[in-house]
Every structure is written in C-alpha cells, then in structure tokens.
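Using my numbering, the letters of the sequence shown correspond one by one to residues 114 to 206.
Don't be surprised by glycine CBs; every beta carbon is placed ideally from N, CA and C.
Keep in mind the model is a prediction, meaning the values are calculated, not measured.
See structure below.
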Amino acid sequence: MEAKGQSLLLQGREMLEISGVLAVDSFDSEKIELTTSLGGLEISGEELKIDTLNLTEGQVAVSGLVNGLQFGKSRAEKSARYKSKTIMSRLLK
114 MEAKGQSLLL
124 QGREMLEISG
134 VLAVDSFDSE
144 KIELTTSLGG
154 LEISGEELKI
164 DTLNLTEGQV
174 AVSGLVNGLQ
184 FGKSRAEKSA
194 RYKSKTIMSR
204 LLK
C-alpha cells in the first residue's frame, strides 16, 4: 500500500482539520489519539470533540481548544514493539 500524504489545518487553535487518518485509537475531551498514514498523532486540549469522522476519505475535524500536537508511533506500532521486546526477553533468559 502506497503511503498517502497527510495535512493539518489549525484555525485559531479551535478547529483542526486532518487528512490521511486511518483510525481513531482513543478519544476523550482532553486527548485524541489517531493513526495516520505517517504514524501516530496525539491531539491534546480542552473540550475536544470530533465533529467530522470519515475514515473512508481519511478526514477528521476536531473542535475545542487545541493545546498541543504530538507526532510519534501509532498505537499498533507501539504494541508490536512491546510484544517483540517481551518475546526477546523471554528467549534471552
């Protein structure tokens, strides 16, 4: 599968539009974790709401006060790495 692009448009720290979204891993009013075509994206803030969710098109719109965006590994990538470490530690005992 070819990696598609990702874009983020933040308007006044109160409206965030994201493309290239593959999955919503978790969400509450203070944190939203997404898996995107380029890895994980964690959105932190206050009174966060997912206004639009279209995973077929890879589009998500979030409203609320956005305090931070953090890019990293997706939840699936973190889980796979943890499992491989556990297996290796068992083999090396």
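Excluding five sequence neighbours on each side, which residues of the same chain lie with their C-beta closer than 6 Å to the C-beta of residue i?
i, result
"residue 185", "153"
"residue 131", "121, 173"
"residue 139", "146"
"residue 180", "157, 158"
Can you give me the C-alpha to C-alpha distance between residue i and residue j, rounded to a whole angstrom?
i, j, result
"residue 164", "residue 151", "22 Å"
"residue 158", "residue 141", "10 Å"
"residue 135", "residue 171", "6 Å"
Measure how close the beta-carbons of residue i and residue j come, nearest whole angstrom, since I'm counting them as under 8 Å.
i, j, result
"residue 147", "residue 137", "6 Å"
Taking 7 Å as the limit between beta carbons, can you name the residues of its chain near residue i, skipping five residues before and five after?
i, result
"residue 176", "127, 128, 162, 164"
"residue 178", "126, 127, 158, 159, 160"
"residue 183", "155"
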